[in-house]
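Chemist: Everything in the sequence shown is counted per numbering that gives the first Met the number 0, starting at 0 for the first residue and increasing by one.
Note that the Cβ used here is the ideal one computed from N, Cα and C, for glycine as well.
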Amino acid sequence: MFRPLLSLLLLATVFLTGGKAIARDKPVIVTSFSVIGDWTQVIAGKEVELVNIIPPKSEAHGFQLSPSHAKSLRKAALVVAMNPELEPWLEAWAKANPDHGKILWLYPTPETAGQAADPHAWISPPEVVAMTKKLAEAIRSIDPSIDTQITYNQYLKEINQVDSELRSLFTKLPPDQRALISQHANLGFFARHYGLKVPGTLLLSGAAESADPSARHFSELLSLIRREKIRVVVSDDGQNDAFARRLTEDAGIPPPLALSFEYLQPAGQPGDSWTSMMLNNGRRLHQALSGR
Ligand SMILES: [Zn+2]
C-alpha cells in the first residue's frame, strides 16, 4: 500500500512541477500597431499572447486609446511601441500608470541614438535589423524559456532579402529619376537608404492628417516639380488625396501614387506582413519612378 501511494505522490509532483507538462499562462505582449505586431508574432511565435492595439489598415498618427485597450495594457508583461513621437497616447498612458507603464520604445536604437526625430524608422531595413534585435532581447528577458535567437536569425535573412531586392531595383534608376514628393514626411528613412530624394511634402506637419495646405505651398510645390522634373507624387493610402490630385493635374504628371508604408494590410491580403508591405510598396514606387 505504501509504495504505490508514494509513486502516485511522486508522479503528481513531477506532473505539477514538470514545467511543460502543465499549461502555463503565456506572457501577454501588447504592441502599438500592425508592423510591430507582425515582428512580435514572427519572433515570439505562439509562446506569448499577443494583443495588437491599432489594427491593420489603420494609421498610427492621431490614435486615441479606448478603455478596452487600457485593460490590455494593464495585464501586459511587455508593451512594445515605435517612438513617443508616433505614439504619444502610449507615453501619456505610461505616465498615468507608473506601476504598469514600462514600455519598450524600439526607436531610437542604441546605434541611432541622437539622430533626427523622424519616427518612421520601420521602412529602413538596417533600422529594422536593430529594432527587431532589441525586441528579441526584450521578449527573452520577460521569459527566458522563449528561444528568440533562432526566429530572430531566420527573420534577419528575410529582412536582408527584402533589402537586396529593393536595393537592386533602385540602384538601376538614373539620377534624374530619383526624386518624388510625398504626402507627409514619412519616406525619409527609405529615401536615404535607397538613394532617393524627397525635396518636398504636401503636408508640412509630420502627421498624415488631411487638412489642405495653403495656396502658397501649392505654388511652391508646383515650381519645385517643374524645376526638378519630378514625375511622382506619393499619396498616403486611405487619406484624402484631393490636394495631390490637383497638384499632379496642374503639373501635367501622372496621378498620385497611393502607397501604404504606414501600416500592414489585413491578414491574407498582399502587404499583410512587414516583408510583403515593403516589397509591394517598394516595387510600385520603383515602377512609378522608372516611368513604367
Ligand atoms: Zn506617418
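Can you list, in chain order, the residues of its chain whose CB lies under 8 Å from that of Leu-223, leaving out five sequence neighbours each side?
Modeler: What you label residue 223 is simply residue 224 of the sequence shown in a count that begins at 1. Cβ neighbours of Leu-223 beyond the five flanking positions: Ile-180, Pro-198, Gly-199, Ile-229.
Chemist: What's the gap between the Cα of Arg-215 and the Cα of Ser-140?
Modeler: Within the sequence shown, residue 215 is the residue found at index 216, counting from 1. Within the sequence shown, residue 140 is the residue found at index 141, counting from 1. Arg-215 and Ser-140: Cα-Cα distance of roughly 52 Å.
Chemist: I need the boundaries of the beta strand (DSSP E) containing Ser-234, first residue and last residue.
Modeler: Residue numbering aside, residue 234 sits at position 235 when the sequence shown is read from its first letter. From DSSP, the beta strand (DSSP E) with Ser-234 extends over 232-235.
Chemist: If you scan the stretch 124-150 from start to end, which runs of the alpha helix (DSSP H) of 4 or more residues do you find wholly inside it?
Modeler: 124-141
Chemist: Under a Cβ-count criterion, where at least 16 other Cβ atoms within 10 Å of its own Cβ denotes burial, should Thr-170 be classed as buried or exposed?
Modeler: Looking up residue 170 in the sequence shown gives position 171. It counts as exposed.
Chemist: Could you give the distance in angstroms between the alpha-carbon of Glu-58 and the alpha-carbon of Asp-117?
Modeler: Working through the sequence shown from its first residue, we reach residue 58 at position 59. Working through the sequence shown from its first residue, we reach residue 117 at position 118. Answer to the nearest angstrom: the Cα atoms are 16 Å apart.
Chemist: Roughly how many whole angstroms lie between the Cα atoms of Lys-45 and Ala-266?
Modeler: Against the sequence shown, residue 45 aligns to sequence position 46. Against the sequence shown, residue 266 aligns to sequence position 267. C-alpha separation (whole angstroms): 17 Å.
Chemist: Closer than 6 Å by C-beta to Ser-272: which residues in its own chain qualify, once you throw out the five before and the five after it? Chain order, please.
Modeler: If you number the sequence shown from 1, residue 272 lands on position 273. So the list reads Asp-37, once near-sequence residues are dropped.
Chemist: Can you tell me where the alpha helix (DSSP H) with Lys-94 in it begins and where it stops?
Modeler: If you number the sequence shown from 1, residue 94 lands on position 95. That run of the alpha helix (DSSP H) goes 87-95.
Chemist: Taking the alpha-carbon of Ser-166 as reference, which of Trp-88, Arg-282, Asn-96 has the nearest alpha-carbon?
Modeler: Taking the first residue of the sequence shown as position 1, residue 166 is located at position 167. In the sequence under discussion, the amino acid at residue 166 is Arg, which differs from the Ser named in the question. Here the closest residue by C-alpha is Arg-282.
Chemist: Quick one: Cα of Pro-143 to Cα of Ala-135, how far?
Modeler: Taking the sequence shown and counting its residues from 1, the one referred to as residue 143 is at position 144. Taking the sequence shown and counting its residues from 1, the one referred to as residue 135 is at position 136. C-alpha separation (whole angstroms): 11 Å.
Chemist: State the DSSP-derived secondary structure class of Leu-49, mapped to helix, strand or coil.
Modeler: Counting from one through the sequence shown, the residue named residue 49 turns up at place 50. Strand at Leu-49.
Chemist: In whole angstroms, what separates the C-alpha of Gln-268 from that of Glu-84?
Modeler: The count along the sequence shown starts at 1 and reaches residue 268 at position 269. The count along the sequence shown starts at 1 and reaches residue 84 at position 85. Straight-line Cα distance between these residues: approximately 29 Å.
Chemist: Assuming the contact rule is C-beta atoms closer than 8 Å, Leu-288 and Leu-172 should be a hit. Round their C-beta distance to whole Å, please.
Modeler: Taking the sequence shown and counting its residues from 1, the one referred to as residue 288 is at position 289. Taking the sequence shown and counting its residues from 1, the one referred to as residue 172 is at position 173. Between Leu-172 and Leu-288 the Cβ distance is about 6 Å, and since that is below 8 Å, they are a contact.
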